[in-house]
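In this note's numbering, the protein residues as written are 1 to 109.
Glycine included, C-beta positions come from ideal geometry on N, C-alpha and C.
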């Protein structure tokens, strides 16, 4: 019985790992205390971004290729992380305001 249970748990772990491996990293931006505008990048359908921040304050604003803000900015006071799925293909860039270490990764599901 214990062997079957261990097999099921390992199988579920393997499925989870394989599901995550279908995700492709499209770009990574990282840095420390700064204000930065990323280059415009052409992103495919089904893309999103995740962030990780450690410091005092962090603001991440997404813009489309026509310099129009897309959605609400990500604002973090203190350390934090998260993820947003944008989905719509097109040209985009970010404005980053950071007073600490940050990492932003763009991915395709």
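Using a Cβ-Cβ cut-off of 6 Å (strictly less than) and excluding sequence neighbours within five positions of residue i, which residues of its own chain qualify?
{"i": "residue 57", "result": "77 and 99"}
{"i": "residue 59", "result": "73, 75 and 97"}
{"i": "residue 44", "result": "89 and 108"}
{"i": "residue 52", "result": "81 and 103"}
Quick check: the Cα distance between residue i and residue j, rounded to an integer number of angstroms?
{"i": "residue 27", "j": "residue 105", "result": "6 Å"}
{"i": "residue 50", "j": "residue 85", "result": "9 Å"}
{"i": "residue 31", "j": "residue 79", "result": "14 Å"}
Determine the DSSP secondary structure at residue i, reduced to helix, strand or coil.
{"i": "residue 76", "result": "strand"}
{"i": "residue 98", "result": "strand"}
{"i": "residue 46", "result": "coil"}
{"i": "residue 125", "result": "Outside the modelled stretch of the chain, which goes from 1 to 109, sits residue 125, for which no answer is possible."}
{"i": "residue 16", "result": "Note on residue 16: pLDDT 40, under 50, position unreliable in the model; the coordinate value appears next. Residue 16 falls in the helix class under three-state DSSP."}
Within its chain, find whatever has a CB closer than 8 Å to the CB of residue i; leave out the 5 residues flanking it on each side and keep chain order.
{"i": "residue 107", "result": "23, 24, 25, 26, 47, 48, 49 and 50"}
{"i": "residue 91", "result": "40, 41, 42, 43, 64 and 65"}
{"i": "residue 69", "result": "61, 62 and 63"}
Within its chain, find whatever has a CB closer than 7 Å to the CB of residue i; leave out the 5 residues flanking it on each side and keep chain order.
{"i": "residue 36", "result": "96"}
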